[in-house]
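Residue numbers (my numbering): 101 to 264.
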């Protein structure tokens, strides 16, 4: 019995030492590839109700903007605009824009964004830097603002505008 207790104690100490040295040891493999897909908690696909709960929980100061389902928020010095679909009954978020006050050097910002979203950027002449994050979400950064959109919705909107 004493031997079993000593062995169990050694195992606990070994696991604690391993976790102290390598914190990802206990992280499930399924979470290793999870990418961030939100800006200040707002992510395309969230319903208007979920958006309002987030605003309440995080005590964001927001107001409804120009349209009935557009929220404008001031968060940590960034002007964040959340565009919800006004046609769909659940009014899901389709686009999140965050105009940054002082983003700093562009190279440092691009690296920081890449690290946060666990994705590699591509350079686009029109939009600046772009990343594919989450499921079908496109993040772009032009040096002063971030834009996160549902890529399928954005493409459909562009096609509709092209037909007009």
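We treat Cβ as the ideally placed atom computed from N, Cα and C, and that holds for glycine.
The structure presented is a predicted model; accordingly, all values stated were derived computationally and were not measured.
Looking at the backbone, the Cα of residue 142 and that of residue 162 are separated by about 13 Å.
Nearest to residue 245 by C-alpha distance, out of 217, 164, 172 and 199, is 199. Here residue 174 is bridged, per DSSP, to 161 and 179. DSSP lists 229 and 246 as the bridge partner or partners of residue 241. The Cβ neighbour count for residue 215, taken over all protein chains shown within 10 Å, is under 16; the residue is labelled exposed. With a contact defined as Cβ atoms closer than 8 Å, residue 230 and residue 239 qualify at about 7 Å.
Residue state for residue 196 is assigned as strand, using DSSP reduced to three classes. Residue environment analysis places residue 181 among the buried positions, since at least 16 neighbouring C-beta atoms fall within 10 angstroms of its C-beta. The shortest C-alpha to C-alpha distance from residue 247 to any of 220, 179 and 185 is the one to 179.
Going by beta carbons, residue 259 and residue 136 fall outside the 8 Å limit.
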